[in-house]
Amino acid sequence: MFMDMSLSCDTIANTQIDTSPLRKSTCYTHEQTTHISDSTGAAWLLGREYYLPQEKPEFISDVNSLLWFSYRKGFKPIGGSGNLKSDTGWGCCYRCGQMLMGHSLIRNALGRDWKWRVKDNGVEDMNPHYPVILAEFLDTSTACYSIHQLTSQAVDFGRDLGTWAGPNTVAQALRCRAKSDPLCNIVVHVAMDMLVIRQSIKKECQMSERRLAEDMPVEVEPLFSPRQFSLSSPMGKLLSHVC
């Protein structure tokens with residue numbers, strides 16, 4: 001479960017983000033949707049209703065905008081050495097957790113109406129926020145929510161590197177990674193014993209806000225505010241070179 005938070009613009013502007021690996025990586029893709037039938041009726045996707053076949057193009061566009069993480073191989077070894085260069089057979093829950101976290105960050109920063117699009121010339125019509133978020137999921141040891149970081153974090157919860165982990169362990173790992181991410185403006189709350197307690201969620205968000213206020217006694221603004229990405233801002237200048 002995810003709740004909104006805020007970070008200072010100074011923290012974001014002074015953070016160096018290298019999104020160039022996205023140009024060479026296949027860490028994200030989208031499902032082919034040619035198999036969607038021509039059946040009629042209502043189709044629901046993440047709280048949004050589409051009437052098929054009239055709204056089939058809009059429905060497909062929404063599906064294509066979702067992140068899809070799956071097993072991969074050939075990345076640098078998890079743990080820095082050894083032969084753990086693939087998550088095939090054990091990384092399914094980690095990849096599901098990445099998709100959940102990635103979608104939450106994108107929806108929080110770009111809104112529910114945002115769509116991933118390709119121009120007529122084949123070039124991605126990329127919002128500058130999008131590659132910044134994607135870079136957090138690259139299969140490298142430095143990306144905050146990479147398979148490397150999540151599996152290493154799961155060791156603290158009793159899981160060995162290169163072994164399967166369940167939803168609770170992955171959620172706990174994401175919670176820890178979100179706390180250490182200077183760009184994250186959401187709180188990850190792990191509901192235990194199948195209970196969602198609203199007061200616990202509110203308390204956790206309030207504690208995070210107080211911690212930010214104490215650590216950064218500056219004006220607090222929402223993450224990814226428009227002026228932070230203007231061409232005159234440090235972040236805008238950075239993204240103008242990588243997008």
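According to this note's numbering, the residues represented by the sequence shown are 1 to 243, in order. Where a beta carbon is used, it is the ideal one built from N, C-alpha and C, also for glycine.
Restricted to the region 42-102, the alpha helix (DSSP H) segments that are unbroken, complete and at least 4 residues in length are 56-64, listed in chain order. If you ignore the 5 residues before and after aspartate 125, its C-beta comes within less than 7 Å of the C-beta of Arg117, Val118, Lys119, all in its own chain and listed in chain order. In this structure, the straight-line span from the alpha carbon of leucine 105 to that of glycine 47 is close to 17 Å. Ranked by Cα distance from valine 187, the options Glu209, Pro131, Lys73, Thr140 are led by Glu209.
As computed with DSSP, aspartate 193 is found in no beta bridge at all.
Comparing alpha carbon positions, the residue from Arg159, Ser81, Leu110, Leu52 closest to asparagine 185 is Leu110. Looking at the DSSP output, arginine 117 shares a beta bridge with Asp125. Residues of the same chain with a CB within less than 8 Å of the CB of lysine 85, apart from the 5 flanking positions on each side, are Lys73, Gly74, Phe75, Lys76, Pro77, Ile78 in chain order.
Comparing C-alpha distances from leucine 45 to each of Gly162, Asp113, Cys176 shows the shortest one belongs to Asp113.
Sorting Ile60, Asp156, Leu174 by C-alpha distance to the C-alpha of methionine 99 places Leu174 at the top.
Taking glycine 102 as reference, the option from Val123, Phe59, Leu66 with the minimal CA-CA separation is Leu66. Of the residues Gly97, Thr88, Ile197, the one whose Cα lies closest to the Cα of tryptophan 68 is Gly97.
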